[in-house]
Amino acid sequence: MIAPAAVIRPARSSTVAEVVAVAARSAERARTFADKHGIPRVHGSYEDLLADPAVDAVYNPLPNGLHGKWTLAALKAGKHVLCEKPFTANAAEASSVAAAAAASGLVVMEAFHYRYHPLAVRVDEIIRSGVLGPLRHVEASVCFPLPAFANIRYDYSLAGGAMMDAGCYAVHMARLLGGEEPSVRSARALLRTPSIDRAMRATLRFPSGHTGSVHASLWSATALKLSMKAIGENGVLSVLNPLGPHVFHRLSLRLKDRHSSETFGRRATYAYQLDAFTDAVLHGKAFPTTAEDAVRNMTVIDAIYRAAGLPLRRPTV
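Adding 129 to a residue's 1-based position in the sequence shown gives its number in this note's numbering.
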């Protein structure tokens, strides 16, 4: 469902990227999808797609528990990988994928598309500038309603859960704002099943002493909340809708002596992400959502699950 927005439409306006093939577990499903989106070649298995010599890179939007397995298979086949978030089922699996990526010399990017939009780039600049002064607290919320409980996001065997789906964004945003790798102080889950969180709240502490909080929800009293905030001794940075700024957004910076706001264009986050991915593949350009960064993000997610008394997610077998 995410592939048209994440890759297919951005590739249509790209001068260097083209979607040349699609694979599904059945050739019939793949053909239906290909016909709808104008994709020239169809493969009836993932293995066949990886063996296609015309494919330079793979977009991996499979369920969470399959991300690691098929990213490793793509690397073994010599393909660069744009892998949907969360990167893997847990931090241990992320470490193994990161090691394989480093050994391969291929590009492996975790698809945190928001991070490539000018809004997130500007947030990073503000945090790094020190204009807020010493940080006191950061927070990030990614909450939206998904009452379709048969959805894969509620399936433990596919490494589902609110913290995996929405929460991976909230953790990533808190790490961006906090500027350091946090420890988890506490976590509390609302459950759909004994192993699946439908919502999660967690508190963090960063090495420099500032605190953090993350809130993720697929189904809770908080129907919709997409925001992040950094509070420093000299002011507050607030962002509304960092996840989909091409739809709407607001960046507000309140300092002791002034207040300013900024807005950016309507170009999609996914288009910026595809630009960054192709620049990395073709020109070796550095990018922020590396496999190593994914290990750090998954480490925090694992710690949140532990603090909430829930089992870690496992790769799908």
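Heads up, the beta-carbon is just placed ideally off N, CA and C, and yes, glycines get one too.
Residue i vs residue j beta-carbon contact at 8 Å
i: A299; j: A437; result: no
i: R383; j: G364; result: yes
i: V452; j: A420; result: The requested residue 452 does not occur in the structure, where the chain is confined to residues 130 to 446.
i: A249; j: L211; result: no
i: Y399; j: A134; result: yes
i: A269; j: L306; result: yes
i: A159; j: P274; result: no
i: V136; j: Y188; result: yes
i: C272; j: S346; result: yes
i: Y245; j: P371; result: no
i: S389; j: R379; result: no
i: L229; j: L201; result: First, the amino acid is wrong: residue 229 is Ala here, not Leu. Yes.
i: A146; j: L179; result: no
i: S324; j: Y285; result: yes
Residue-level contact to chain B via CB, residue i, 8 Å cutoff
i: L355; result: In summary, chain B is missing from the structure at hand, where a single protein chain is found.
Residue i versus residue j: straight-line alpha-carbon distance, rounded
i: R141; j: T340; result: 43 Å
i: Y283; j: K214; result: 16 Å
i: D404; j: P440; result: 37 Å
i: R396; j: E254; result: 20 Å
i: A291; j: H344; result: 10 Å
i: T407; j: V148; result: 13 Å
i: A303; j: D164; result: 40 Å
i: H301; j: V236; result: 20 Å
i: P417; j: D177; result: 31 Å
i: P336; j: H196; result: 31 Å
i: A331; j: D386; result: 33 Å
i: W348; j: R327; result: 6 Å
i: A183; j: P169; result: 12 Å
i: L264; j: I256; result: 9 Å
i: K198; j: V376; result: 33 Å
i: G338; j: V446; result: 41 Å
i: G373; j: S155; result: 32 Å
CB-CB length for residue i against residue j, believed under 8 Å
i: G289; j: N193; result: 7 Å
i: L333; j: S312; result: 7 Å
i: D185; j: H209; result: 7 Å
i: H172; j: A206; result: Actually they are not in contact, since the Cβ atoms of H172 and A206 sit about 12 Å apart, beyond 8 Å.
i: R442; j: A218; result: 4 Å
i: M427; j: F162; result: Not a contact, Cβ separation roughly 29 Å.
i: A132; j: P190; result: 5 Å
i: M293; j: I430; result: 7 Å
Backbone secondary structure at residue i - three-state DSSP
i: A385; result: The question names Ala, but residue 385 in the sequence shown is Lys. Residue state, collapsed to three classes: coil.
i: T398; result: helix
i: K214; result: coil
i: T200; result: helix
i: N363; result: coil
i: G194; result: helix
i: L347; result: coil
i: R442; result: coil
i: M130; result: coil
i: S337; result: coil
i: A225; result: One detail in the question is off: residue 225 reads as Ser in this sequence, not Ala. If DSSP states are grouped into helix, strand and coil, S225 belongs with the helices.
i: L353; result: coil
i: A420; result: helix
i: V368; result: strand
i: A437; result: coil
i: A415; result: coil
i: A206; result: coil
i: T392; result: coil
> Can you list the beta strand (DSSP E) stretches of 3 or more residues lying completely in the stretch 232 to 312, in chain order?
Replying inline: Positions of the beta strand (DSSP E) runs, each at least 3 residues long and wholly inside the stretch 232 to 312, are given as 237 to 239, 264 to 272 in order along the chain.
> Fully enclosed by the stretch 133 to 193, which alpha helix (DSSP H) runs are 4 residues long or longer?
Replying inline: The stretch 133 to 193 is shown to contain whole alpha helix (DSSP H) runs of 4 or more residues at 138 to 141, 156 to 166, 175 to 179, in chain order.
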